[in-house]
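K.L.:
Can you read through this structure? Questions will come right after.
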Amino acid sequence: MENNILKVRTTTDIVVSLVVLLAGAACFLVPSAGMMILGGTIAITGLSLMIFLKNGYRLEGESEVFKKKEHFFPDSRYDVIYSEINAGRMITDFKDEDKAIVVRLDIYTSASGKVYGELYKYVPYDYVKKIDLKKLQ
Numbered sequence: 000m001e002n003n004i005l006k007v008r009t010t011t012d013i014v015v016s017l018v019v020l021l022a023g024a025a026c027f028l029v030p031s032a033g034m035m036i037l038g039g040t041i042a043i044t045g046l047s048l049m050i051f052l053k054n055g056y057r058l059e060g061e062s063e064v065f066k067k068k069e070h071f072f073p074d075s076r077y078d079v080i081y082s083e084i085n086a087g088r089m090i091t092d093f094k095d096e097d098k099a100i101v102v103r104l105d106i107y108t109s110a111s112g113k114v115y116g117e118l119y120k121y122v123p124y125d126y127v128k129k130i131d132l133k134k135l136q
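Using numbering that gives the first Met the number 0, read the sequence shown as starting at 0 and increasing by one per residue.
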């Protein structure tokens with residue numbers, strides 16, 4: 000089953016973009032050639048942020064915006080993580096490790112407390128999905 004996870008703009012993204020855009024417009028209005036160039040550059044940056052900045056995720060079937068956090072684990076913990084996520088239970092001890100990263104766990108959380116997870120395993124040159132998006136408790 001393929002899940003649709005879309006990147007969306009959050010309120011923070013919109014506010015940051017507008018602040019940068021307005022700062023650029025304010026600099027552009029100063030009657031100096033240098034400040035007009037600087038203001039134009041900052042305003043274009045704000046416009047670019049408004050177009051490209053998307054830090055939230057919308058999951059299929061949900062109306063809320065979620066935040067994503069990735070956790071990486073060694074292969075030795077794969078079986079435990081797989082059984083916990085497959086049963087719909089939240090893993091409480093997240094202790095990421097830097098060596099032999101083979102397992103990736105994506106956790107999506109909303110402001111209302113809903114939690115979803117996806118599990119991936121590394122196969123040379125790519126992460127392959129092992130468990131589709133699943134609601135966790």
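The beta-carbon is built from N, C-alpha and C at its ideal position, and this holds for glycine as well.
In this text the structure is predicted, and so the values were computed from the model without any measurement.
(1) Does the beta-carbon of A32 have 16 or more other beta-carbons within 10 angstroms, so that it is buried, or is it exposed?
(2) Can you list, in chain order, the residues of its chain with a C-beta nearer than 7 Å to that of V19? Leave out the 5 residues immediately preceding and following it.
(3) Is the beta carbon of K133 closer than 8 Å to that of G112?
(4) Which of the three DSSP states, helix, strand or coil, is assigned to T108?
(5) Which first and last residues belong to the alpha helix (DSSP H) in which G87 is found?
(6) Report, in whole angstroms, the separation of the C-beta atoms of N85 and I50, which I expect to be a contact under 8 Å.
(7) Beta carbon of L5, beta carbon of Y81: below 8 Å?
(8) Judging by CA-CA distance, which residue of P123, E61, V7 and D78 is the nearest neighbour of L52?
(9) Secondary structure at L52, three-state DSSP: helix, strand or coil?
(10) Taking just the CA atoms, how far does T11 sit from L28?
(11) Among I36, R76, N3 and K67, which has the Cα closest to the Cα of G60?
(12) At which residue ranges does the segment 26-70 contain complete beta strand (DSSP E) runs of 3 or more residues, listed in the order of the chain?
P.N.:
If we stick to the structure as given:
(1) exposed
(2) I41, T44, G45 and L48
(3) no
(4) strand
(5) For G87, there is no enclosing alpha helix (DSSP H), since its DSSP letter is neither H nor E.
(6) Between I50 and N85 the Cβ distance is about 39 Å, and since that is not below 8 Å, they are no contact.
(7) no
(8) Considering only alpha carbons, the answer is V7.
(9) coil
(10) Cα-Cα distance, rounded: 26 Å.
(11) Per the Cα distances, N3.
(12) 55-58
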